Amino acid sequence: MQLEDHAGDVVAKARQHAGLELDQVAAAAGVDAGQWRRFESDGRTPEGVNWTAVAGLLGLDAAKL
80 MQLEDHAGDV VAKARQHAGL ELDQVAAAAG VDAGQWRRFE SDGRTPEGVN
130 WTAVAGLLGL DAAKL
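For the sequence shown, the positions run 80 to 144 when the working numbering is used.
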């Protein structure tokens, strides 16, 4: 039983709060929507993610992602 949110869950909540679609964030991240969906679901980070772009889009601190 996982008690804490993983990074994908935190990002998914921020995306939903910002009113953005998954494919919009995936495009900013530089990965395909399927990879981003898995990341939001299980926290496994796809290779090559542009965290600076994701953080800027979602209003998050890239250093904490």
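Just so it is clear, CB atoms sit at the ideal spot from N, CA and C, and this is done for glycine as well. These numbers were taken from a predicted model, which means no experiment stands behind them.
Query, Result
"Does the beta-carbon of E119 have 16 or more other beta-carbons within 10 angstroms, so that it is buried, or is it exposed?", "buried"
"Using 8 Å for Cβ pairs, my map puts L136 next to V90. What's the rounded Cβ distance?", "The Cβ separation is near 10 Å, so there is no contact."
"Let me confirm a value: A97 is counted as buried when at least 16 other C-beta atoms fall within 10 Å, else exposed. Which label applies?", "exposed"
"Going residue by residue through the segment 88 to 134, where are the continuous alpha helix (DSSP H) segments of at least 4 residues, counting only ones entirely within it?", "101 to 108, 112 to 121"
"Return the Cβ separation of A86 and L144 in integer angstroms, given the expectation that the two are a contact with Cβ distance under 8 Å.", "6 Å"
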